[in-house]
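**Q** For the sequence shown, the tail end lands on 992 under my numbering, and the numbers increase by one without skipping.
Idealized CB from N, CA, C, for every residue including glycine.
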Amino acid sequence: MAIVVELDVMLAKRKIKSKALAEYVGITEANLSLLKQGKVKGVRFETLEKICEFLDCQPGDLLVYVSEIVDIDSP
């Protein structure tokens with residue numbers, strides 16, 4: 918996966934519990950957990966906006982592109 922979700926990192930930096938964020942955004946803790954793990958196929962801009970508003974951050978602080986390097990020597 919080339920997009921890494923760093924929501925858990927931002928929550929730790931801000932010393933905020935997932936439960937508080939989920940309540941503010943209006944999603945379940947289970948769905949927030951799936952988002953933190955990168956197991957979602959998409960996220961609504963409205964949801965992303967509320968997350969950034971609550972955490973006082975930019976979308977780029979939460980979503981990071983990581984280049985996938987393929988090792989041609991591996992079997």
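Please give the ranges of any alpha helix (DSSP H) in the segment 928-970, keeping only runs that are unbroken, at least 4 residues long and fully inside the region.
**A** Those alpha helix (DSSP H) runs which fall completely within the segment 928-970 and span 4+ residues are 935-942, 946-953.
**Q** Would you kindly work out how many angstroms separate the C-alpha atoms of I920 and V960, rounded to a whole number?
**A** For I920 and V960, the distance between alpha carbons rounds to 13 Å.
**Q** Report back the beta-carbon spacing between V922 and L980 to the nearest angstrom; my notes put them in contact at under 8 Å.
**A** Confirmed, Cβ separation roughly 6 Å.
**Q** So the alpha helix (DSSP H) D978 belongs to, where does it begin and stop?
**A** Per DSSP, D978 belongs to the alpha helix (DSSP H) from 976-979.
**Q** Excluding the 5 residues flanking A975 on each side, which residues of the same chain have their C-beta closer than 7 Å to its C-beta?
**A** In the sequence as displayed, the identity of residue 975 is Gln instead of Ala. C969.
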